[in-house]
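S.K.:
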Amino acid sequence: MIGYLIGLPLLGATLLLLGGRRTDKWGHLLATALSASSFALGAKLFFEMLARPTEERAISQKLFTWIHVGGFQVDAGLLLDQLSICFVLLITGVGTLIHIYSISYMSHDHDRRRFFAYLNLFIAAMLLLVLGDSYLNLYVGWEGVGLASYLLIGFWNQKPTYATAAKKAFVMNRIGDMGLSFAIMISFATLGAVSFKDVAERAPAASNAALTAMGIMLLVAATGKSAQFPLQAWLGDAMAGPTPVSALIHAATMVTAGVYLITRSNFIFDLAPDAQLAVAVVGAITLLFGALVGTAKDDIKKALAASTMSQIGYMILGAGLGPVGYAFAIMHLLTHGFFKAGMFLGAGSVMHGMNDEVNMRKYGALRAAMPITAITFGLGYLAIIGIPPFAGFYSKDKLIEVALNAGGVKGLLLGGAALIGAGITAFYMTRVVVLTFTGKARWDHEAHPHESPALMWIPMALLAVGSVASGYLFTRGDALVNWLTPVVAHHHTEHHEELYSPLTISVVALSLVAIGVLTAIFKYRGDVSNTAPENVSIFTRIARRDLLQDAVNEAVFMRPGQALTETLVKVDKSAIDGTVRAVGLSALGSAQGLRKLQSGYVRSYAAVILAGVVSLLLVIWVVTQ
Amino acid sequence: MTLTIIGLLPLLGALVISALPKANDKLIKQAALATTIFVALGSYLMAARFDRAEIGLQFYESYNWISSFGIKYSVGLDGIALVLILMSVTLAPIVVVAGWNEADTGRWSVKTFYILLLVLETMMIGVFAATDVFLFYVFFEAMLIPVYFLIGGYGTGERAAAAVKFLLYSLFGGLLMLASIIALYVMSGDQGGHTFDIGALSQLQMSKTTQNWLFLGFFIAFAIKAPLWPLHTWLPDAADSATPGTSVLLLGVLDKVGTFGMIRYCLNLFPDASKTFTPIILVLSVISIIYGAFLAIGQRNIKRLIAFTSISHFGFITMGIFAMTTQGHSGATLYMVNHGFSTAALFLVAGWMISRRKSSTIADFGGLQRVTPIMAWSFFIAGMSSLALPGLSSFVSEFLVLVGTFTRYPWHAVIATFGIVLAALYILIPVQRALHGPTTPGNESLTDLNLREKIAIAPVIAIIVALGFFPSPLLNIINPAAQATIQAAGFSDPVAKIEQGNN
Chain A
3 MIGYLIGLPL LGATLLLLGG RRTDKWGHLL ATALSASSFA LGAKLFFEML ARPTEERAIS
63 QKLFTWIHVG GFQVDAGLLL DQLSICFVLL ITGVGTLIHI YSISYMSHDH DRRRFFAYLN
123 LFIAAMLLLV LGDSYLNLYV GWEGVGLASY LLIGFWNQKP TYATAAKKAF VMNRIGDMGL
183 SFAIMISFAT LGAVSFKDVA ERAPAASNAA LTAMGIMLLV AATGKSAQFP LQAWLGDAMA
243 GPTPVSALIH AATMVTAGVY LITRSNFIFD LAPDAQLAVA VVGAITLLFG ALVGTAKDDI
303 KKALAASTMS QIGYMILGAG LGPVGYAFAI MHLLTHGFFK AGMFLGAGSV MHGMNDEVNM
363 RKYGALRAAM PITAITFGLG YLAIIGIPPF AGFYSKDKLI EVALNAGGVK GLLLGGAALI
423 GAGITAFYMT RVVVLTFTGK ARWDHEAHPH ESPALMWIPM ALLAVGSVAS GYLFTRGDAL
483 VNWLTPVVAH HHTEHHEELY SPLTISVVAL SLVAIGVLTA IFKYRGDVSN TAPENVSIFT
543 RIARRDLLQD AVNEAVFMRP GQALTETLVK VDKSAIDGTV RAVGLSALGS AQGLRKLQSG
603 YVRSYAAVIL AGVVSLLLVI WVVTQ
Chain B
3 MTLTIIGLLP LLGALVISAL PKANDKLIKQ AALATTIFVA LGSYLMAARF DRAEIGLQFY
63 ESYNWISSFG IKYSVGLDGI ALVLILMSVT LAPIVVVAGW NEADTGRWSV KTFYILLLVL
123 ETMMIGVFAA TDVFLFYVFF EAMLIPVYFL IGGYGTGERA AAAVKFLLYS LFGGLLMLAS
183 IIALYVMSGD QGGHTFDIGA LSQLQMSKTT QNWLFLGFFI AFAIKAPLWP LHTWLPDAAD
243 SATPGTSVLL LGVLDKVGTF GMIRYCLNLF PDASKTFTPI ILVLSVISII YGAFLAIGQR
303 NIKRLIAFTS ISHFGFITMG IFAMTTQGHS GATLYMVNHG FSTAALFLVA GWMISRRKSS
363 TIADFGGLQR VTPIMAWSFF IAGMSSLALP GLSSFVSEFL VLVGTFTRYP WHAVIATFGI
423 VLAALYILIP VQRALHGPTT PGNESLTDLN LREKIAIAPV IAIIVALGFF PSPLLNIINP
483 AAQATIQAAG FSDPVAKIEQ GNN
């Protein structure tokens, strides 16, 4: 049964890609129906799982033997447990809503069918990523979503910058994938296994050095896929993809795969405290990095992308805090899936009404023209900045709480970063809302903003419901924490000491949020120029340039790499080929001989070969005499 | 007799074609196609009878050939040779269909082209099947002749110079191997009777120094053929000048004789010397992987680019062979097969692109995805296979090689893994330049693949996808042979670290 979850969307992708233009008329409907069926099946499996006693909830399925060489045995096997079902529902649920939204959003695109084929391909690959029962199966999904992401970022690759953005995403992801390769190799060399079950069982016997190395490599993989520091630079450019893609892949699902990987590998990280600390630190750095970049972006999608990077930073931070953090990391991942996907769809709706304009300085006062978009976006906004009782309040405050309660300097630094991040988030998100929906209209002459059709706003509305209610539902009676405990907390059961009470933390967090909100309102409520001001501080300029991430990458990797390539091409031509030629010439006795050979007497070459065989026979004859 | 009959079938086809009227190109092509299809079907039937449980040579035949010299005609297959033959005979009809018109503009007739091609096919089968060193040498050297004429007579650009370069390199290696073979032969006479039988030769007693020298004679010949850095410079020139079909056979099959020879001859005949030289060979392999990838990134010509990607891939294969683990070995052999198909796809599609655009410079293309979608997709999938995307065949073999190397030589594997990032660059850069972006002048009216071309590329892509998910049928054939080779060389797989304490 589990296999069908992946099989249905995969079938859709195959049919639409092989069917070509013949499937143009109904391709989008088929793809949507298949994604919805996958969701329905996921829901059925979820309720069945719910009905089973805790210890029987996880089920697995072996499809076939994939690779079996010596001690290296990998089955194509699937594992559906409490953790993966959360992702299945998120991927297929949000995925289906975005399929529906895209029917309308992409209706004027000549290549809509191809778009839906890629979407289905993505859903299938992402499901494989979370359902694979070993690191190698996960790897297939891991690069599969990378491929889908590449294809979708470059969906309009006739525009060279979009094609470049797609390539950049793929290459940077491959650097992360290298980490995953290393982790699998270490796992096999150390534990003799690559399946989650075997690795979990055998990990306690391994040396700390091996586990730390494996943990760090898994973190490298996570930084690539989840756009975490230092492999974050591709995400902003990835906004070149159509907005539904940004909502699904680059906000709600694919970019959270790193959080999944680390949570799934809890049995490694719980035994490798140094690697675990590295995870938390990367999360803390990225949550601030993304938030700072978010304050300076005028492109609505890039502002949201920076926000995604920052919010995933929170999740990674949570996953780096060990057994107490995993469940909250996943909770934030799920609530984020609702509110961020909702806001991206909202941004798409705004662009739809504004001739694809993305510059928020040319928005303003859209509240009246697009009331539904404004309301759904607003609910997502309240959720992300963490206003009770919206979803983000529950999930983010829990993460801050866990970070602070880690204790000592570590707790103060990580928790402090998370608190400051909350304040900055409030600032940049308020900025987005104020610039877009309130104030004066700064539209271009051609703009005639209008509300989007029902196919678009209904998914937005449903996601908004999630933004409002999901946090409450997940925390009621510790529902999600208890649900995930069998997967993420089998090593430790001790209760964590509370250094700060939840109330104290909420008060501090909300105060910082209030400061952020008020600052942004004060700063952007009045007249806003429709071009970005030039006389800004050096800090603003650096933030606009994504804290110089591209400049650094170019200086450290790209230009030296290009120089090396050019040098090697020259060396190959002159030095290596030249040397071999020289050696060849001297071996042949004289240049005269070579010229003669090259003069085109083809038969003489055959004669040389013949001479070889004859001389061999001759020697044999001599020897045997 | 089965093996001999299959091996002779292409030659028979060549004889039939030589009797056909020279003017009737179409009939000649049809006869050539029919022959290659027959050979492929025959080989599949034979493979179905291959017993996976048996470790020794199968379909073994041995007849006295020149009995006074101890030379025998003996052929037989182990799992490694079998899968390589299967790959070769599968590629042959695909090459014929794909390059239906590529002989039309040659220096010589279409008839000659197909005779050369079929003669080459017989030799391809023979070189993998031979179990007598003399017979192997004859095939090894004789193969050069048809390839030489195929490049020199039907290629493009600097075809004559490229053909000569190819020939000189190969001859040089061949001479070294010849010297080693003679020495082996002489020694066999001193130790119980002159023979060229590989089984008997592997039992010879020889001093360490002798073994080292003889090993080098074989190894250099193979390292030229499978090009290993720094002996690779003939390959880009040859691939640039050859017709796409010839390139497919050259890189897909002929170069595999090198890596195959390393397993069959270097490891079997000189196990101690193999161990001695392993550190150097592994370093050369890693250099090939990284160097080939950088050079590929730096190429402006699509055919040279593909040639350099192959140099990188051959580095992986050699590394897998000399890592001396089951995973490395089986991975390397599977890599040979997978590389054959993925390079075939790249060269064939690139060939169609070039023949339409009349240029092999990557910068001359642009925006093909929107003009010729099927051709663009084919190129893209071939590229994804070349960069070893999981789900496609090359991933399985590349990962096996890496993991198999890592258990014994972690640092080599770590450096080699950087190759996967470089691979993303050398594929995605030409993909972006040629397929993406706006459609540039000169590309607006290119035509998409025709039915014949679709028929040629479809099976290759199908194989690439199928072997990505179901490599087991091939691995089951390869594994016993790989394990036998490793055991014979005195190795066993490293145990997982956590179990080392318990032993």
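Heads up: the protein sequence lines correspond to chains A and B, in order. Using the working numbering, you'd call the opening residue of the first sequence number 3 and step up by one each time. Using the working numbering, you'd call the opening residue of the second sequence number 3 and step up by one each time. Ideal Cβ positions, reconstructed from N, Cα and C, are used throughout, including at glycine.
For a test of the three-state rule: what should DSSP assign to F117 (chain A), helix, strand or coil?
M.R.: If DSSP states are grouped into helix, strand and coil, F117 (chain A) belongs with the helices.
S.K.: Can you say whether V616 (chain A) is buried or exposed, counting buried as having 16 or more other CB atoms within 10 angstroms of its CB?
M.R.: The residue is exposed, with fewer than 16 neighbouring Cβ atoms inside 10 Å.
S.K.: Tell me the DSSP bridge mates of L81 (chain A)?
M.R.: L81 (chain A) pairs with A:S62.
S.K.: Taking the straight line between their C-alpha atoms, what separation do you get for I488 (chain B) and H414 (chain B)?
M.R.: Rounded to the nearest angstrom, the two C-alpha atoms are 19 Å apart.
S.K.: Pick out whichever of A:C88, A:A165 and A:L294 has its Cα sitting closest to the Cα of Q371 (chain B).
M.R.: Nearest option by C-alpha distance: A:A165.
S.K.: My understanding is that I507 (chain A) touches L406 (chain A), with C-beta atoms under 8 Å, so please give their C-beta distance in whole angstroms.
M.R.: Going by Cβ atoms, the distance from I507 (chain A) to L406 (chain A) rounds to 6 Å, so yes, they are a contact pair.
S.K.: Can you tell me which of the three DSSP states D134 (chain B) falls into?
M.R.: DSSP places D134 (chain B) in strand when its eight states are reduced to three.
S.K.: Leaving aside the five residues before and after L91 (chain A) along the sequence, list all residues of the same chain whose C-beta is less than 8 Å from its C-beta, in chain order.
M.R.: F41, G44, A45 and F48, listed in sequence order.
S.K.: Count the C-beta pairs between the stretch 65 to 78 of chain A and the stretch 108 to 122 of chain A that are closer than 8 Å, then say yes if the count reaches three, no if not.
M.R.: Counting Cβ pairs under 8 Å, fewer than three are found: no touch.
S.K.: What's the gap between the Cα of L20 (chain A) and the Cα of A274 (chain A)?
M.R.: Straight-line Cα distance between these residues: approximately 47 Å.
S.K.: Please report how far the alpha carbon of T521 (chain B) lies from the alpha carbon of N445 (chain B), in whole angstroms.
M.R.: The structure shown does not extend to residue 521 (chain B), since chain B is modelled only from 3 through 505, so no value can be given for it.
S.K.: Under the rule that 16 or more other beta-carbon atoms within 10 Å means buried, what is K442 (chain A), buried or exposed?
M.R.: Result: exposed.
S.K.: Is the Cβ of E145 (chain A) closer than 7 Å to any Cβ of chain B?
M.R.: For E145 (chain A), the answer is yes, since a Cβ of chain B falls inside 7 Å of its Cβ.
S.K.: Can you give me the Cβ contacts of L17 (chain B) inside the same chain, cut-off strictly under 7 Å, excluding the 5 residues immediately before and after it?
M.R.: Counting only Cβ-Cβ distances below 7 Å, and skipping sequence neighbours, we find nothing.
S.K.: Three Cβ pairs or more, each shorter than 8 Å: is that satisfied between the stretch 348 to 359 of chain A and the stretch 286 to 299 of chain A?
M.R.: Segments in contact, no.
S.K.: For the alpha helix (DSSP H) that contains E568 (chain A), what are its first and last residues?
M.R.: Its alpha helix (DSSP H) spans residues R561 to V573.
S.K.: Report yes or no: do three or more beta-carbon pairs, one from the stretch 247 to 258 of chain A and one from the stretch 150 to 159 of chain A, lie closer than 8 Å?
M.R.: Short answer: they touch.
S.K.: For the stretch 329 to 361 of chain A, list every residue whose C-beta sits within 8 Å of some C-beta in chain B, in sequence order.
M.R.: Per Cβ criterion, the list is empty.
S.K.: Cβ of G315 (chain A) within 7 Å of Cβ of V404 (chain A)?
M.R.: No.
S.K.: How big is the Cα-Cα spacing for E556 (chain A) and Q564 (chain A)?
M.R.: Taking the straight line from one Cα to the other gives about 10 Å.
S.K.: Is the shortest distance between the beta-carbon of Q193 (chain B) and the beta-carbons of chain A less than 7 Å?
M.R.: Not closer than 7 Å to any Cβ of chain A, the Cβ of Q193 (chain B) fails to qualify, so no.
S.K.: Identify which residue in A:L263, A:G409, A:W445 and A:N159 has its Cα closest to the Cα of G134 (chain A).
M.R.: It is A:L263.
S.K.: Using a Cβ cut-off of 7 Å (strictly closer), state whether K499 (chain B) contacts chain A.
M.R.: Yes, its Cβ sits closer than 7 Å to a Cβ of chain A.
S.K.: Bridge partners of L394 (chain B), per DSSP?
M.R.: L394 (chain B) is bridged to B:P392.
S.K.: Determine, using beta-carbon pairs with one atom in the stretch 416 to 436 of chain B and one in the stretch 325 to 339 of chain B, whether at least three such pairs fall under 8 Å.
M.R.: Output reads no: the stretch 325 to 339 of chain B does not touch the stretch 416 to 436 of chain B.
S.K.: In this structure, does DSSP put Y328 (chain A) in helix, strand or coil?
M.R.: Here Y328 (chain A) sits in helix by DSSP.
S.K.: Please classify S592 (chain A) as buried or exposed, where buried requires at least 16 other C-beta atoms within 10 Å of its C-beta.
M.R.: At S592 (chain A) the pLDDT is 45, less than 50, meaning the model places this residue with poor confidence and gives no usable figure here.
S.K.: For the alpha helix (DSSP H) holding G5 (chain A), just list the boundary residues, first then last.
M.R.: I4 to G21 is the extent of the alpha helix (DSSP H) around G5 (chain A).
S.K.: Less than 7 Å between CB atoms is the rule here; does G72 (chain A) satisfy it with respect to chain B?
M.R.: Chain B contact via Cβ: present.
S.K.: Per DSSP, what kind of secondary structure is H338 (chain A) in: helix, strand or coil?
M.R.: In the structure shown, H338 (chain A) sits in a helix (DSSP, three-state: H, G or I).
S.K.: Count the other C-beta atoms from every protein chain shown that fall within 10 angstroms of the C-beta of L80 (chain A), then say buried if there are 16 or more, exposed otherwise.
M.R.: Its Cβ being crowded by 16 or more others within 10 Å, L80 (chain A) is buried.
S.K.: Quick check on the DSSP output: the alpha helix (DSSP H) that includes I68 (chain B) runs from which residue to which?
M.R.: No alpha helix (DSSP H) contains I68 (chain B), which is instead part of the beta strand (DSSP E) from Q60 to I68.
S.K.: Please look up how many angstroms separate the CB atoms of G342 (chain B) and V255 (chain B), rounded, as I've assumed it's under 8 Å.
M.R.: G342 (chain B) to V255 (chain B), Cβ: 7 Å. Contact.
S.K.: Can you say whether P229 (chain B) is buried or exposed, counting buried as having 16 or more other CB atoms within 10 angstroms of its CB?
M.R.: Buried, by the Cβ-count rule.
S.K.: Tell me, which residues are paired with K74 (chain B) by DSSP?
M.R.: Paired residues: B:N66.
S.K.: Going by DSSP, what residue range makes up the alpha helix (DSSP H) through F217 (chain B)?
M.R.: That run of the alpha helix (DSSP H) goes K210 to K227.
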